[in-house]
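Trainee:
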Amino acid sequence: MEPVTEALTAGTGLSLLGMFSLSAITRARSLHESIVREIEASNPQATFALMRAFAETLAVIVYVADHPDYVEALVHHPKNTPPGGRRRRSIQTFIQHMDKHYAGQFGLVYAELSEITHYGSTAVWNTWTPVNEQEGHAVWTSSPRWRSERDFYVACAQLLELSKEMETALVRLLAA
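Sequential numbering from 0 applies to the sequence shown in numbering that gives the first Met the number 0.
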């Protein structure tokens, strides 16, 4: 039986964890399809911003798979958390959980995605292409495009790696 079918038919009905699982599947699919579309459109700014959201989604899914009761913290807006209710954890908690238990390089990948998303040096230089480094000449473009073929391949490789981890995480979540 498929993991999704098992998750939906197990027990007495659809639980909060089951609802979270289905929402996670939809979010993962939406982000993945958007990333692919932006890679194809040669839009690294959108690609990496979406990839960061995909990585955050992966980290939350893994954490919930390991701590199913945490889903209770996710079903309420933080302002509406009932007294004594579970509080949400920071994204750093999820990143550290990934690094400690699953993917030791997750934090480094996330930091690089944050560098371009938070408009750090990677974002500044992404629109410039050196044409004569000895003379200090570069070309700027106002339209999104891959700065180099290498950047394109890095984005594709990151998406493949994150997608593989996402598939594993969703199966684990459905089994939780």
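Each residue gets a CB set at the ideal place from its N, CA and C atoms; glycine is no exception.
Determine which residues share a DSSP beta bridge with N79 and list them.
Mentor: The residue you call residue 79 lines up with position 80 of the sequence shown. For N79, which the question treats as bridged, DSSP gives no partner whatsoever.
Trainee: If you measure between the beta carbons of P129 and P43, is that distance less than 9 angstroms?
Mentor: Here residue 129 refers to the residue found at position 130 when the sequence shown is read from its first residue. Here residue 43 refers to the residue found at position 44 when the sequence shown is read from its first residue. Not closer than 9 angstroms, so no.
Trainee: Would you decide whether L107 is buried or exposed? Buried here means 16 or more other CB atoms lie within 10 Å of its CB.
Mentor: For the purposes of this step, residue 107 is taken as the residue at position 108 of the sequence shown. Per the 10 Å Cβ criterion, exposed.
Trainee: What separation, rounded to the nearest whole angstrom, lies between the Cα atoms of R85 and A110?
Mentor: Translated into positions along the sequence shown, residue 85 becomes position 86. Translated into positions along the sequence shown, residue 110 becomes position 111. Between R85 and A110, the C-alpha separation is close to 27 angstroms.
Trainee: For R171, which residues in the same chain have their Cβ closer than 6 angstroms to its Cβ, ignoring the five residues on either side in sequence?
Mentor: The sequence position of residue 171 within the sequence shown is 172, counting from 1. If we look at R171 and ignore the five residues flanking it on each side, its Cβ neighbours are A64.
Trainee: Per DSSP, what are the beta-bridge partners of A156 in this structure?
Mentor: Taking the sequence shown and counting its residues from 1, one reaches residue 156 at position 157. Looking at the DSSP assignment, A156 forms no beta bridge with any residue, so it has no partner.
Trainee: Within a Cβ cutoff of 7 angstroms, which residues of the same chain sit near E55, ignoring the five residues on either side of it in sequence?
Mentor: Along the sequence shown, one-based indexing puts residue 55 at 56. Once the five neighbours on either side are set aside, the close Cβ partners of E55 are I90.
Trainee: State the Cα-Cα distance for the pair A175 and A58, rounded to the nearest angstrom.
Mentor: Here the question's residue 175 lines up with position 176 in the sequence shown. Here the question's residue 58 lines up with position 59 in the sequence shown. A175 and A58: Cα-Cα distance of roughly 15 angstroms.
Trainee: Mark E134 as exposed unless 16 or more other C-beta atoms lie within 10 angstroms of its C-beta, in which case mark it buried.
Mentor: As a working note, residue 134 is residue 135 in the sequence shown. When all chains shown are included, E134 counts as exposed.
Trainee: Would you give the residue range spanned by the beta strand (DSSP E) that A102 belongs to?
Mentor: By one-based count along the sequence shown, residue 102 stands at place 103. Here A102 belongs to no beta strand (DSSP E), and DSSP marks it neither H nor E.
Trainee: Given that a residue counts as buried once 16 or more other Cβ atoms are within 10 Å of its Cβ, and exposed if not, what is E39?
Mentor: Your numbering for residue 39 matches position 40 in the sequence shown. Exposed: under 16 other Cβ atoms inside 10 Å.
Trainee: According to the neighbour-count rule (16 or more other Cβ atoms, all chains shown, within 10 Å of its Cβ), is M50 buried or exposed?
Mentor: Here the question's residue 50 lines up with position 51 in the sequence shown. When all chains shown are included, M50 counts as buried.
Trainee: Would you list the one or two residues that DSSP bridges to W127?
Mentor: Looking up residue 127 in the sequence shown gives position 128. Paired residue(s): W139.
Trainee: Using the three-state DSSP reduction, which class does Y118 fall into: helix, strand or coil?
Mentor: Walking along the sequence shown from the start, residue 118 turns up at place 119. Three-state result, Y118: coil.
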